[in-house]
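Peer 1:
Chains as they are written, first to last, in the working numbering: chain X, 78 to 432; chain B, 7 to 417.
Pasting the structure below:
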């Protein structure tokens, strides 16, 4: 991430596929891991840890959507619904069978993957914006089903309370404990995605995205890989839903409605389609931006306006600023924050010689 | 150039001031409030949020509570759950001893955290009906009639209107198709068996601005003796318009609490269009309460006109109720601990001592106890008549045993 190489000396496919192109990359990753896994939990205040927790959950969801939309090129606006599938699967398992998290998380993911694969079937016939509408239908159908089937939703309130996860009889309660819990799954998701995209499956996804007819001609089973992409992406979404459920202590479908799907789509578009770092950037950006703009307005608004007017202005200005900044970043770099980051890197790679 | 430098310096000072200002003031009690002036419920928020602020300002202008000023922090969650969680943590960091929650999914998401952190939260008129059980939800206070109590009260009102018996009568229940909309259904089912009326429910899919079909169905096919409207946001006004168009008399329609504001009447075409519409309230509607005059006097004393939001008396008064009960709970807590700065746990006990606090009729005769966090489930019915809401009943509660049984069953 933070390394500079002197040139491209790769002579084998294995070298090209390596996770760490240079030894220093390993050290950079280790330093980051140390910072976020050891130093942050020990030093950072609970409130800021709670923001990090929301980011970690969003990272898992954004990675999942990026596999489908960024790598395979299939637009989905049903991501929120797949999260609710995971959430309710886990909640029912916990409440009815008392299952621990290491069963409910994969189970929630698998159930979402199953539903996701079914929803992905139309992707063989329809593409692009038409597929988006088909997934929108899935979002609405899943929402309706959860809302109206008490066996899934646990009653008219459509919400199921779930105790916090426990490990060896120790219940994770504070934000810092939950941070480590969520961090484990976020790291797992990042490592899994990094390995997925450099594998045969990942290359098939990219081939399908870039030119599906060509991919079919060179022997890629498009139907199979599209469904795999849907299933994998929904698996991530399901896990995200379970993590939300454990983090909040409740499964509630109102947390996974259409705007959430749009938010996740915004994350990967702003962050960068088809990149892991982009998913992380996007999750950080969309989660932090409302908080940062509010903080900015609270700090500087008081200089110009009275406190009582400010209370009315901040929420509205925040929305305007949020939208404006999204447009700004997309105009500056349509390929997302990841591209922006790479441009900066490439600039400094040859610095001070600009060409 | 020097002006720019001064501005930057001032800004930097403000930032540092903000960072340092988080340190708690010894003579101030922090109350956190989530309130949405944006997002899907802003039609309520733009009135209720300033109301809460006004009440706190009024208390502070009179010297605060038992010598303590109240620092009220308001944050907008846009009706999004992750944002609500972040804001909760922020207000916890500020040292908030009580919180005004906003929205049903948000209440559910924060419930567990409130208990863990020992901070009482209020959810008047929304949230979890079963949370009136203080033993099971120790830190959650509905403080106003829950959806269950509202449903029961509506049936009681209809029974009185139809001459004391519901045997063989038909009641239509029109509801917004989300969990909050479904919530009164179990109670209505129980009452249907008890009272022998026929109930048919009509779902209105979100966002609820299209309900011509349901209303035609009600007015021309089902022809019920009474209609209960349980709608939110823009949909109550659409419903009123549609009843008018279909020729169903509005004097046979009662709206539950979120279908009951002046704004809904205005959006439906004004008071003439809505003449006869019944509304159910958990805080008194109208201008005839001393506390409202005090707030107007406070504005006049500052040389300002009272804001136009005060004209939406229904929602505004609910904000006053929510804020006033927090202030009373803090007052009780400070009295009980001998004048020290209260903790969240002490404020929770303060809530549980609230009784006979009526704010001259704006607040119902609540009696909040460690077992009953709803305070009885009191409501009052008003009717749209001659350009304002006219009181039809005194504070009453209906079928408490049926509601209590449902609360017990929810365990």
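We put the CB at the ideal spot given by N, CA and C, even for glycine.
This one's a predicted model, so the numbers in the text were calculated from it and none came from an experiment.
What's the C-alpha gap between residue 28(B) and residue 369(X)?
Peer 2: Taking the first residue of the second chain as 1, we reach residue 28(B) at position 22. Taking the first residue of the first chain as 1, we reach residue 369(X) at position 292. Bear in mind that a pLDDT of 45 at residue 28(B), under 50, signals an unreliable position, so the number given afterwards is only what the model happens to contain. Cα-Cα distance, rounded: 17 Å.
Peer 1: Given a limit of 9 Å on CB to CB distance, which residues of the region 195-226 of chain X reach chain B?
Peer 2: So the close ones are 221, 224, 225.
Peer 1: Nearest to residue 321(B) by alpha carbon, out of 269(B), 338(B), 340(B)?
Peer 2: Numbered from 1 along the second chain, position 315 holds the residue referred to as residue 321(B). Among 269(B), 338(B), 340(B), the Cα nearest to that of residue 321(B) belongs to 269(B).
Peer 1: Do you know whose CA, among 100(B), 273(B), 72(B), lies nearest residue 240(B)'s CA?
Peer 2: The residue given as residue 240(B) occupies position 234 in the second chain. The residue with the shortest Cα to Cα distance from residue 240(B) is 273(B).
Peer 1: Using Cβ-Cβ distances below 7 Å, what residues of the region 303-336 of chain X are close to chain B?
Peer 2: Going along the region 303-336 of chain X in chain order, one finds 325, 326, 327, 329, 331, 332 with a Cβ nearer than 7 Å to chain B.
Peer 1: Any chance the region 192-206 of chain X sits against the region 357-375 of chain X, with 3 or more Cβ pairs inside 8 Å?
Peer 2: The region 192-206 of chain X vs the region 357-375 of chain X: no contact.
Peer 1: As a quick exercise: from 382(X), 223(X), 396(X), 358(X), pick the residue whose alpha carbon is nearest that of residue 18(X).
Peer 2: Residue numbering for chain X in the displayed model covers 78 to 432; residue 18(X) lies beyond these limits and cannot be assessed.
Peer 1: Taking the beta strand (DSSP E) that residue 92(B) falls in, what are its first and last residues?
Peer 2: Numbered from its first residue, the second chain carries residue 92(B) at position 86. Looking at the DSSP string, residue 92(B) is not in any beta strand (DSSP E); the run it does join, the alpha helix (DSSP H), is 87-99.
Peer 1: Determine, using beta carbons only, whether residue 236(X) comes closer than 7 Å to chain B.
Peer 2: As a working note, residue 236(X) is residue 159 in the first chain. Yes - at least one Cβ of chain B is within 7 Å of the one on residue 236(X).
Peer 1: Can you confirm whether the region 50-57 of chain B touches the region 325-337 of chain X when touching is taken to mean that 3 or more C-beta pairs between the two stretches lie within less than 8 Å?
Peer 2: These segments do not touch.
Peer 1: Whose CA, out of 89(B), 207(B), 35(B), lies closest to the CA of residue 44(B)?
Peer 2: Mapped onto the second chain, residue 44(B) falls at position 38. Minimum Cα distance to residue 44(B) is reached at 89(B).
Peer 1: Taking residue 66(B) as the query, report the chain X residues whose CB atoms sit under 7 Å from its CB, ordered along the chain.
Peer 2: Within the second chain, numbered from 1, the residue matching residue 66(B) stands at position 60. Correct list: empty, because the minimum Cβ distance to chain X is about 12 Å.
Peer 1: Using DSSP with H/G/I as helix, E/B as strand and the rest coil, what is residue 334(X)?
Peer 2: Numbered from its first residue, the first chain carries residue 334(X) at position 257. Note: residue 334(X) maps to coil in three-state DSSP.
Peer 1: Under 7 Å, Cβ to Cβ, is there at least one residue of chain X near residue 96(B)?
Peer 2: For the purposes of this step, residue 96(B) is taken as residue 90 along the second chain, with counting starting at 1. Yes, its Cβ sits closer than 7 Å to a Cβ of chain X.
Peer 1: Return the Cβ separation of residue 256(X) and residue 129(X) in integer angstroms, given the expectation that the two are a contact with Cβ distance under 8 Å.
Peer 2: Taking the first residue of the first chain as 1, we reach residue 256(X) at position 179. Taking the first residue of the first chain as 1, we reach residue 129(X) at position 52. Confirmed, Cβ separation roughly 6 Å.
Peer 1: Is it buried or exposed, residue 22(B), if we count other Cβ atoms within 10 angstroms and call 16 or more buried?
Peer 2: Translated into positions along the second chain, residue 22(B) becomes position 16. Below a pLDDT of 50, predicted positions are generally treated as unreliable, and residue 22(B), at 44, falls in that range; no measurement from the model is reported.
Peer 1: Do residue 333(B) and residue 71(B) come within 7 Å of each other at the CB atom, strictly closer than that value?
Peer 2: Residue 71(B) sits at position 65 when you count from the first residue of the second chain. Residue 333(B) sits at position 327 when you count from the first residue of the second chain. Result yes, Cβ atoms of residue 71(B) and residue 333(B) sit closer than 7 Å.
Peer 1: Please look up how many angstroms separate the CB atoms of residue 235(B) and residue 261(B), rounded, as I've assumed it's under 8 Å.
Peer 2: Start at 1 with the first residue of the second chain, and residue 235(B) comes out as number 229. Start at 1 with the first residue of the second chain, and residue 261(B) comes out as number 255. Yes, residue 235(B) and residue 261(B) are in contact; Cβ-Cβ is about 4 Å, under 8 Å.
Peer 1: In or out: residue 323(B) buried (at least 16 other Cβ within 10 Å) or exposed?
Peer 2: Along the second chain, one-based indexing puts residue 323(B) at 317. Under this definition residue 323(B) is a buried residue.
Peer 1: Would a check of beta-carbon distances place residue 357(X) closer than 7 Å to chain D?
Peer 2: Protein chains X and B are contained in the structure displayed, whereas chain D is not.
Peer 1: Kindly say whether residue 191(B), judged by its beta-carbon, lies nearer than 7 Å to any beta-carbon of chain X.
Peer 2: By one-based count along the second chain, residue 191(B) stands at place 185. Judged by the 7 Å Cβ criterion, residue 191(B) is in contact with chain X.
Peer 1: Could you check if residue 94(X) is buried or exposed, using at least 16 other CB atoms within 10 Å of its CB as the buried criterion?
Peer 2: Taking the first chain and counting its residues from 1, one reaches residue 94(X) at position 17. Counting Cβ neighbours within 10 Å, residue 94(X) comes out exposed, since fewer than 16 surround it.
Peer 1: I need the boundaries of the beta strand (DSSP E) containing residue 79(B), first residue and last residue.
Peer 2: Mapped onto the second chain, residue 79(B) falls at position 73. Here the beta strand (DSSP E) through residue 79(B) covers 75-81.
Peer 1: If I follow the unbroken alpha helix (DSSP H) through residue 407(B), where does it start and stop?
Peer 2: Counting from one through the second chain, the residue named residue 407(B) turns up at place 401. Taken as a continuous stretch (DSSP letters only), the alpha helix (DSSP H) holding residue 407(B) covers 406-415.
Peer 1: Give the residues from the region 388-407 of chain X that approach chain B closer than 8 Å (Cβ to any Cβ), ordered along the chain.
Peer 2: So the list reads 388, 389, 391, 392, 393, 395, 396, given in the order they occur along the chain.
Peer 1: Tell me which residues share the same chain as residue 168(B) and place their Cβ nearer than 8 Å to its Cβ, disregarding the 5 neighbours each side in the sequence.
Peer 2: The residue given as residue 168(B) occupies position 162 in the second chain. Counting only Cβ-Cβ distances below 8 Å, and skipping sequence neighbours, we find 175, 231, 232.
Peer 1: What residue from 412(B), 250(B), 51(B), 115(B) has the CA that sits closest to residue 281(B)'s CA?
Peer 2: Within the second chain, residue 281(B) is the residue found at index 275, counting from 1. Residue 250(B) is the option with its Cα nearest to residue 281(B).
Peer 1: What first and last residue would you give for the beta strand (DSSP E) that runs through residue 329(X)?
Peer 2: For the purposes of this step, residue 329(X) is taken as the residue at position 252 of the first chain. Note, residue 329(X): beta strand (DSSP E), 327-329.
Peer 1: Does the beta-carbon of residue 19(B) have 16 or more other beta-carbons within 10 angstroms, so that it is buried, or is it exposed?
Peer 2: In the second chain, residue 19(B) corresponds to position 13, counting from 1. With a pLDDT of 46 at residue 19(B), under the threshold of 50, the modelled position of that residue is not reliable, and the figure given next carries that caveat. Its Cβ having fewer than 16 others within 10 Å, residue 19(B) is exposed.
Peer 1: Considering only their Cβ atoms, is the gap separating residue 358(B) from residue 336(B) smaller than 7 Å?
Peer 2: Translated into positions along the second chain, residue 336(B) becomes position 330. Translated into positions along the second chain, residue 358(B) becomes position 352. In this structure, residue 358(B) does not lie closer than 7 Å to residue 336(B) by Cβ.
Peer 1: Terminal residues of the continuous alpha helix (DSSP H) containing residue 298(B)?
Peer 2: Start at 1 with the first residue of the second chain, and residue 298(B) comes out as number 292. Counting along the chain, the alpha helix (DSSP H) containing residue 298(B) begins and ends at 296-307.
Peer 1: In chain B, what lies closer than 9 Å to residue 123(X) by C-beta?
Peer 2: Here the question's residue 123(X) lines up with position 46 in the first chain. Residues of chain B passing the Cβ test: 95, 98, 99.
Peer 1: Return no unless some Cβ of chain B is closer than 7 Å to the Cβ of residue 35(X).
Peer 2: Because residue 35(X) is not part of the residues shown, which for chain X are 78 to 432, the question remains open.
Peer 1: Judging by CA-CA distance, which residue of 203(X), 243(X), 269(X) is the nearest neighbour of residue 150(X)?
Peer 2: Walking along the first chain from the start, residue 150(X) turns up at place 73. Comparing Cα positions, the closest option is 203(X).
Peer 1: Using a cut-off of 7 Å between C-beta atoms, extract the partners of residue 385(X) located in chain B.
Peer 2: Here residue 385(X) refers to the residue found at position 308 when the first chain is read from its first residue. Those are 59, listed as they occur along chain B.
Peer 1: Flag residue 53(B) as yes if its beta-carbon sits less than 7 Å from any beta-carbon of chain X, otherwise no.
Peer 2: Numbered from 1 along the second chain, position 47 holds the residue referred to as residue 53(B). Not an interface residue.
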